[in-house]
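Novice: Below are the structure tokens for one structure; questions will follow.
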Ligand code: ZN
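In the working numbering, the protein residues as written are 332 to 470.
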């Protein structure tokens with residue numbers, strides 16, 4: 332079994348910025364030399380998350396709308412009371428979404444559906460430089 336690590340660098344706008352990273356993950360897998368296995372994408376940071384979606388503007392707006400209902404930006408957060416960084420909502424949203432996603436691949440091809448893209452969401456309340464880790468395990 333091989334383990335290959337790749338990084339994806341992103342400059343985000345923050346504020347529930349939704350970024351399609353499918354092509355970067357696919358390219359990390361194809362360059363890894365690993366044919367069959369699992370690619371785990373992980374963000375180190377507690378205000379970002381990963382999932383899949385049909386990546387189109389309507390759904391991108393829906394995600395923003397419903398994350399706002401789950402953890403409203405102007406809600407009251409103990410985190411903000413303690414740290415005064417104003418991003419309590421971002422931490423709560425990120426915790427619900429989770430910091431990683433695993434996608435199987437065969438013949439170096441991600442086994443995603445046609446209408447299924449990998450997205451990174453930056454919930455923080457300011458632009459961020461992010462580094463996603465793609466950890467590729469397989470043969
Ligand atoms: Zn914070």
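Positions of the beta carbon are idealized from the N, C-alpha and C atoms, including for glycine.
All values reported here derive from a predicted model rather than from experimental measurement.
Is it buried or exposed for residue 354, if we count other Cβ within 10 angstroms and need 16 for buried?
Specialist: To locate residue 354, count along the chain shown from 1; it is residue 23. It counts as exposed.
Novice: Should residue 437 be flagged as near chain B, meaning a C-beta pair shorter than 8 Å?
Specialist: Absent from the structure: chain B. Only one protein chain is present.
Novice: Any chance the CB of residue 346 is under 7 Å from a heavy atom of the ligand ZN?
Specialist: Translated into the one-based positions of the chain shown, residue 346 becomes position 15. Every heavy atom of the ligand ZN is 7 Å or more from the Cβ of residue 346, so no.
Novice: DSSP has residue 337 in a bridge; who is on the other side?
Specialist: Within the chain shown, the letter at position 6 stands for residue 337. In DSSP, residue 337 forms a bridge with 465.
Novice: What first and last residue would you give for the beta strand (DSSP E) that runs through residue 358?
Specialist: Counted from its first residue, the chain shown places residue 358 at position 27. That residue, residue 358, is in no beta strand (DSSP E); its alpha helix (DSSP H) goes 353–363.
Novice: Answer yes or no: the CB of residue 416 versus the heavy atoms of the ligand ZN, is any distance below 7 Å?
Specialist: Counting from one through the chain shown, the residue named residue 416 turns up at place 85. Answer for residue 416: yes, Cβ within range of the ligand ZN.
Novice: What is the DSSP secondary structure of residue 385, reduced to helix, strand or coil?
Specialist: Along the chain shown, one-based indexing puts residue 385 at 54. In this structure, residue 385 counts as coil in the three-state DSSP scheme.
Novice: Which residues bound the alpha helix (DSSP H) around residue 439?
Specialist: As a first step, residue 439 is located in the chain shown; it is residue number 108 there, counting from the start. No alpha helix (DSSP H) contains residue 439, which DSSP labels as neither H nor E.
Novice: Give the DSSP bridge partners of residue 448, in chain order.
Specialist: Taking the first residue of the chain shown as 1, we reach residue 448 at position 117. Beta-bridge pairing links residue 448 to 384.
Novice: Please report how far the alpha carbon of residue 463 lies from the alpha carbon of residue 404, in whole angstroms.
Specialist: Along the chain shown, read from residue 1 onward, the residue named residue 463 stands at position 132. Along the chain shown, read from residue 1 onward, the residue named residue 404 stands at position 73. Cα to Cα, the separation comes out at about 25 Å.
Novice: Considering only C-alpha positions, which residue in the set 391, 336 and 379 is nearest to residue 424?
Specialist: Against the chain shown, residue 424 aligns to sequence position 93. Looking at the Cα atoms, 379 is the closest of the given residues.
Novice: Could you work out which residue in 388, 461, 368 and 445 is closest to residue 437 when comparing CA atoms only?
Specialist: Within the chain shown, residue 437 is the residue found at index 106, counting from 1. Nearest option by C-alpha distance: 368.
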